[in-house]
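Notes follow the structure.
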Amino acid sequence: MKQEHQNDQSMIVDIYDEDGDDGHEKYYASLSNLNRCSGSAMFTFGDNIVQCSVFGPNPVTWNQNVLKKNYLHILLYPLGQIRNFFKDKSLSYYEYFFKRTLMPLIYNALLPNSRTYLVLNEIEKGSSFLSTSLNAMMLALLDSGHPLNHCIACSGFVLDRRDQQLYSEIDFIQKCTKSIRLLEPCNLTLNNCESIKATFLISNKNTKTAETISILAEGKFSLQNVFDARKKSTKTSAKFLNFTREKIGQSFIR
1 MKQEHQNDQS MIVDIYDEDG DDGHEKYYAS LSNLNRCSGS AMFTFGDNIV QCSVFGPNPV
61 TWNQNVLKKN YLHILLYPLG QIRNFFKDKS LSYYEYFFKR TLMPLIYNAL LPNSRTYLVL
121 NEIEKGSSFL STSLNAMMLA LLDSGHPLNH CIACSGFVLD RRDQQLYSEI DFIQKCTKSI
181 RLLEPCNLTL NNCESIKATF LISNKNTKTA ETISILAEGK FSLQNVFDAR KKSTKTSAKF
241 LNFTREKIGQ SFIR
């Protein structure tokens with residue numbers, strides 16, 4: 001069951017899919033929910049909630065006029081972690097990966113010598129932070145009207161150590177939660193689960209062939225596991241892109 005709510009006064013577009021195709025994958029996107037940025041999007045997938053805001057593009061100063069294209073600067077703020085001078089090194093690693101994934105999307109001919117900031121805040125911690133964050137950045141760029149060559153959709157998968165099978169991040173967490181018995185409530189995430197052999201984060205274009213932009217794989221895996229994860233990601237990416245294309249297109253029809 002797909003529903004849509006649009007507020008004409010505040011220009012906030014709420015998009016949500018209550019059931020999803022599999023009964024448990026729930027999408028929710030609130031566009032233009034912040035008014036002091038070029039574009040914003042709050043995106044929910046499964047048990048993850050993130051807020052992304054776009055600032056720019058802004059021209060660089062005269063002493064920094066060495067860029068011939070639009071430069072992306074990404075800042076990640078995970079839940080409960082304060083950014084300071086001695087920040088977590090893993091954040092810089094993921095920020096660099098996101099920047100390398102999103103840079104090919106920018107149509108640099110219209111934005112020479114400019115800089116754009118993407119700030120992402122994690123509102124509720126869940127099992128798919130990276131894939132949800134990248135999809136939220138994509139929605140925020142679309143909301144800001146940033147010139148893009150194409151769109152992407154990101155999906156995450158987990159290789160189970162027990163049965164050597166690939167699962168989506170939400171399916172894997174649900175499987176692990178049902179298979180264990182806890183005396184006290186515990187928030188099971190991908191960071192504290194011991195059944196993970198490898199994780200895959202795959203981003204695909206919105207083309208007929210679903211060309212892969214980037215793959216982030218961590219853990220012990222074979223080349224066949226990468227091919228299997230890439231094959232599974234095409235269906236998930238197509239579902240997200242069709243959902244986004246349909247609903248965002250309806251938001252511009254008054």
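Numbering-wise, the sequence shown is residues 1 to 254 according to UniProt numbering.
Ideal placement from N, C-alpha and C gives every residue a C-beta, glycine not left out.
This one's a predicted model, so the numbers in the text were calculated from it and none came from an experiment.
Residue nearest to residue i in terms of C-alpha spacing, selected from the options
| i | options | result |
| --- | --- | --- |
| residue 43 | 74, 153 and 90 | 153 |
| residue 133 | 126, 69, 50 and 90 | 50 |
| residue 76 | 68, 38, 117 and 36 | 117 |
| residue 96 | 113, 167 and 72 | 72 |
| residue 61 | 226, 115 and 208 | 115 |
| residue 207 | 27, 74 and 105 | 105 |
| residue 91 | 231, 130 and 197 | 130 |
| residue 228 | 242, 244, 29 and 168 | 168 |
| residue 113 | 103, 199 and 58 | 58 |
| residue 158 | 220, 36, 99 and 98 | 220 |
| residue 103 | 36, 213 and 164 | 213 |
Strand pairing of residue i, partner residues [DSSP]
| i | result |
| --- | --- |
| residue 147 | Note: residue 147 sits in no beta bridge, so no partner. |
| residue 49 | 44 and 124 |
| residue 140 | None; residue 140 has no bridge partner. |
| residue 56 | BP columns for residue 56 are empty, so no partner. |
| residue 204 | 153 and 212 |
| residue 238 | Paired residue(s): none; residue 238 is not in a bridge. |
| residue 106 | 148 |
| residue 115 | 58 and 71 |
Cβ-based neighbour list, residue i, same chain, cut-off 6 Å, excluding 5 preceding and 5 following
| i | result |
| --- | --- |
| residue 125 | 79 |
| residue 52 | 41, 120, 136, 137 and 140 |
| residue 21 | At residue 21, the pLDDT of 47 sits below 50, so the modelled position is not reliable and the matter cannot be decided from this model. |
| residue 69 | 108 |
| residue 215 | 202 |
Contact test: residue i Cβ vs the ligand GTP heavy atom, cutoff 7 Å
| i | result |
| --- | --- |
| residue 166 | Absent from the structure shown: the ligand GTP. Ligands present: none. |
Beta-carbon proximity list for residue i, same chain, < 8 Å, skipping 5 on both sides
| i | result |
| --- | --- |
| residue 257 | Since the first residue shown for the chain is 1 and the last is 254, residue 257 is missing from the structure and cannot be characterised. |
Own chain, CB closer than 7 Å to residue i, minus 5 neighbours either side, in chain order
| i | result |
| --- | --- |
| residue 162 | 195 |
| residue 185 | Any reading at residue 185 must be qualified, since the residue scores a pLDDT of 48, below 50, and its modelled position is unreliable; no value is offered. |
| residue 160 | 167, 172, 195 and 197 |
#### Entry: Validate contact between the region 200-211 and the region 237-251 using beta carbons, cut 8 Å, 3 pairs
yes
### Task
Give, in chain order, every unbroken run of the alpha helix (DSSP H) that is at least 4 residues long and sits entirely within the region 152-179.
169-179
### Query
When the Cβ atoms of the region 97-109 are set against those of the region 143-151, are three or more pairs found closer than 8 Å?
Flag = yes, the region 97-109 and the region 143-151 touch.
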